[in-house]
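In numbering that gives the first Met the number 0, the protein residues as written are 0 to 389. Here's the structure we're looking at; comments come further down.
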Amino acid sequence: MKTKGKNASHFQINKIHFEIASKTTIKKVLKFISSAESEPPYLLMDTAKIKRKVRAIGKKIKNSKVFYAVKANPDIEILKLVHSLGIGFEIASEGELSILAGIGAAKEHIISSNPVKSYRFLSLARDYGISHFTIDSKDEIDKLVEYVRQCNIYVRLSVPNEGSEWPLSKKFAVELDEAEELLIYARRKGLKPHGITFHVGSQCTNIYSWNTALDKAKTLWTRAGKRGIKLSILNIGGGYPIRYTKNVVDIGTIESHIDTLIYDRFPKNTRVFIEPGRAIVGDAGVFVSRVIGKAKRADEQWLYLDVGVFNGLMESLGGIKYSYIVESSKPPRKWTIAGPSCDSFDVIDKDVILPEPDVGTLILILSCGAYTVSYASEFNGFSIPQTILI
Ligand SMILES: *Cc1c(COP(=O)(O)O)cnc(C)c1O
Numbered sequence: 000m001k002t003k004g005k006n007a008s009h010f011q012i013n014k015i016h017f018e019i020a021s022k023t024t025i026k027k028v029l030k031f032i033s034s035a036e037s038e039p040p041y042l043l044m045d046t047a048k049i050k051r052k053v054r055a056i057g058k059k060i061k062n063s064k065v066f067y068a069v070k071a072n073p074d075i076e077i078l079k080l081v082h083s084l085g086i087g088f089e090i091a092s093e094g095e096l097s098i099l100a101g102i103g104a105a106k107e108h109i110i111s112s113n114p115v116k117s118y119r120f121l122s123l124a125r126d127y128g129i130s131h132f133t134i135d136s137k138d139e140i141d142k143l144v145e146y147v148r149q150c151n152i153y154v155r156l157s158v159p160n161e162g163s164e165w166p167l168s169k170k171f172a173v174e175l176d177e178a179e180e181l182l183i184y185a186r187r188k189g190l191k192p193h194g195i196t197f198h199v200g201s202q203c204t205n206i207y208s209w210n211t212a213l214d215k216a217k218t219l220w221t222r223a224g225k226r227g228i229k230l231s232i233l234n235i236g237g238g239y240p241i242r243y244t245k246n247v248v249d250i251g252t253i254e255s256h257i258d259t260l261i262y263d264r265f266p267k268n269t270r271v272f273i274e275p276g277r278a279i280v281g282d283a284g285v286f287v288s289r290v291i292g293k294a295k296r297a298d299e300q301w302l303y304l305d306v307g308v309f310n311g312l313m314e315s316l317g318g319i320k321y322s323y324i325v326e327s328s329k330p331p332r333k334w335t336i337a338g339p340s341c342d343s344f345d346v347i348d349k350d351v352i353l354p355e356p357d358v359g360t361l362i363l364i365l366s367c368g369a370y371t372v373s374y375a376s377e378f379n380g381f382s383i384p385q386t387i388l389i
């Protein structure tokens, strides 16, 4: 088996693949495969691309600070890299805090924007000195008063998530009236109402989602001002998209658009927080996987891989469609692609046109750096792919 995949020239790579993953990333991946003894499945992360993304994000938004949403990919080497580039972190749990403590991230560089936090997390966050938290309920304010006391809070405002492939808004966030009341309540309880946050939904491919969100945030900002609450921070959350199959608007264009919207609506000294997750690591990652089986069932041709829904490709259940590079020069066919486990949910995609690969050959899955291994389990005994920085 190990000899398969050694000859990089067998991979069927076309222009679209280069557009999605960049030529340099694909070249690095092929070089790693041909020289390494690692057995698939594994996740290769292009460090140069992560660096480029970190440097690019936030650039076009004045007075902004970037906090990497750790849940997208909490691999310690990635966190060290991101930390070395000087940006901050957005976290939700004691597990995420403990990795950041391990790499020496300063308290000023950490914020927590999960609107519902555990007592244990709040105590540890307080001990660490974290002072920026999101709330969207009275109960959460009461918890902060009891466990953290002096801290800055933002209220999570509900905004439409229609333009996003991974919507989030139903679980969290409140409407304008309630958001205003929560800011007042927080002040009365001795917390510092500092700002507003929202999340347009992950993988947001419609730039006008930010218009609606910022209009609504502006309304709340003004209303709070009339009640004597002077806000200073606008936390625009995450949502920047990456390319999986279809082209997406580039981050520079999105940020110039957002910057104009903010400039037109908010005071000039407003500080802007950005919490990208997917956009920092997503398109820097390539899964190296192996075809472990093929079958014809009724009219469908099935392809079974050693990475599936449970050990890395969970987002396929929510509709994320990946791009693949196969090691084959045979004619293309239509495939149903499935993972290795015995569970019938473990189907990654349908109607995927790919040259027919032999069992045992490698298959590269592009744009897999975010929300893949961080979601993965060892269900059914299939290993979580190792993350390797290249
Ligand atoms: C998940 C999350 C993010 C990151 O979202 P992306 O779409 O990956 O950029 C940012 N902020 C909060 C509060 C989140 O829950």
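Glycine is no exception: its CB is placed at the ideal position from the N, C-alpha and C atoms.
*Is Gly227 helix, strand or coil when you go by DSSP?*
Coil.
*For the alpha helix (DSSP H) that His256 lies in, which residues bound it at each end?*
250–264
*Examine ligand 1 and report whether any of its heavy atoms sits within less than 7 Å of the Cβ of Gly162.*
no
*Of the residues Asn234, Asp345, Ile228, Gly251, which one's Cα is nearest the Cα of Arg186?*
Ile228
*Quick one: measure Cβ to Cβ for Asp67 and Gly276, integer angstroms, because I've assumed they're closer than 8 Å.*
As written in the sequence, residue 67 is Tyr, which differs from the Asp given in the question. Indeed they touch by this definition, with Cβ atoms about 7 Å apart.
_Start and end residues, alpha helix (DSSP H) containing Gly64_ = Correcting the residue type first, residue 64 is Lys in the shown sequence and not Gly. Lys64 -> not in any alpha helix (DSSP H); beta strand (DSSP E) instead, spanning 63–68.
*Assign Thr2 to buried or exposed, taking buried as 16 or more other Cβ atoms, counted over all protein chains shown, within 10 Å of its Cβ.*
In this prediction, Thr2 has a pLDDT of 41, which is less than 50 and means its spatial position is unreliable; what the coordinates show is noted afterwards. With fewer than 16 Cβ atoms within 10 Å of its Cβ, Thr2 is classed as exposed.
*Starting from the Cα of Leu230, find the closest Cα among Leu190, Asn205, Ala105, Ser157 and give me that residue.*
The closest CA to that of Leu230, considering only Leu190, Asn205, Ala105, Ser157, is found on Leu190.
*Roughly how many angstroms separate the alpha carbons of Leu80 and Pro73, rounded to a whole number?*
11 Å
*Exposure of Cys150, with buried meaning 16 or more beta-carbon neighbours within 10 Å*: buried
_For the pair the segment 238–250 and the segment 310–324, tell me if three or more CB-CB distances fall below 8 Å._
Judged by Cβ distances under 8 Å, the segment 238–250 makes contact with the segment 310–324, as three or more pairs qualify.
*Using 8 Å as the threshold, is the segment 106–116 in touch with the segment 77–93, meaning 3 or more CB pairs across them?*
yes
*Counting only runs that start and end within the segment 176–253, where is the beta strand (DSSP E) found for 3 or more residues in a row?*
191–196, 201–203, 232–234
*Look at Pro384 and Phe286 and say whether their C-beta atoms are less than 8 Å apart.*
Closer than 8 Å, so yes.
*Given Trp220, which residues of its chain have a CB within under 7 Å of its CB, disregarding the five upstream and five downstream residues?*
Ile195, Leu230, Phe265
*Quick one: does the C-beta of Asn205 sit closer than 7 Å to a heavy atom of ligand 1?*
no
*Closer than 7 Å: Tyr323 CB and nearest ligand 1 heavy atom*: no
*Range covered by the beta strand (DSSP E) that runs through His108*: Premise fails: His108 is in no beta strand (DSSP E) and is neither H nor E.
*Taking buried to mean at least 16 other C-beta atoms within 10 Å of its own C-beta, is Tyr262 buried or exposed?*
Classification for Tyr262: exposed.
*Could you give the residue range of the alpha helix (DSSP H) that holds Asp138?*
137–146
*Between the C-alpha atoms of Phe309 and Glu377, what's the straight-line distance to the nearest angstrom?*
7 Å
*Evaluate Val372 with the Cβ neighbour count: other Cβ atoms within 10 Å of its Cβ, from every protein chain shown; 16 or more gives buried, anything less gives exposed.*
buried
*Output yes or no for whether 8 Å exceeds the beta carbon distance between Leu304 and Gly251.*
no
*State whether the segment 356–364 contacts the segment 287–303, with contact taken as three or more CB pairs (one from each stretch) at a distance under 8 Å.*
yes
*Locate the alpha helix (DSSP H) running through Asp126, then write down its first and last residues.*
118–127
*Is it right to say Phe344 is buried, meaning 16 or more other beta carbons lie within 10 angstroms of its own, or is it exposed?*
exposed
*Let me know if Leu121 comes out buried or exposed under the rule of 16 or more other beta-carbons within 10 Å of its beta-carbon.*
buried
_Rounded Cβ spacing between Leu167 and His198 (contact assumed at less than 8 Å)_ = 5 Å
*asked:* What does the Cβ neighbour count give for Asn246, buried or exposed, with the cut at 16 atoms within 10 Å?
replied: exposed
*Could you tell me whether the Cβ atoms of Val306 and Ile364 are closer together than 8 Å?*
Going by C-beta atoms, Val306 is nearer than 8 Å to Ile364.
*Cβ of Ser112 versus every heavy atom of ligand 1: is any distance shorter than 7 Å?*
yes
_If the criterion is Cβ atoms closer than 8 Å, does the pair Ser201 and Gly238 meet it?_
yes
*If Arg155 sits next to Phe171, beta carbons under 8 Å apart, how far is it from one beta carbon to the other, in whole angstroms?*
6 Å
_Pull the bridge partners of Met44 from the DSSP assignment, please._
Gly284, Leu388
*Nearest-angstrom Cα separation, counted from Val290 out to Met0*: With a pLDDT of only 37 at Met0, under 50, the local geometry of the prediction cannot be trusted, and no value is derived from it.
*Nonlocal neighbours in the same chain, by C-beta distance under 7 Å from Val53, ignoring five residues either side*: Val81, Leu84, Ile86, Ile279
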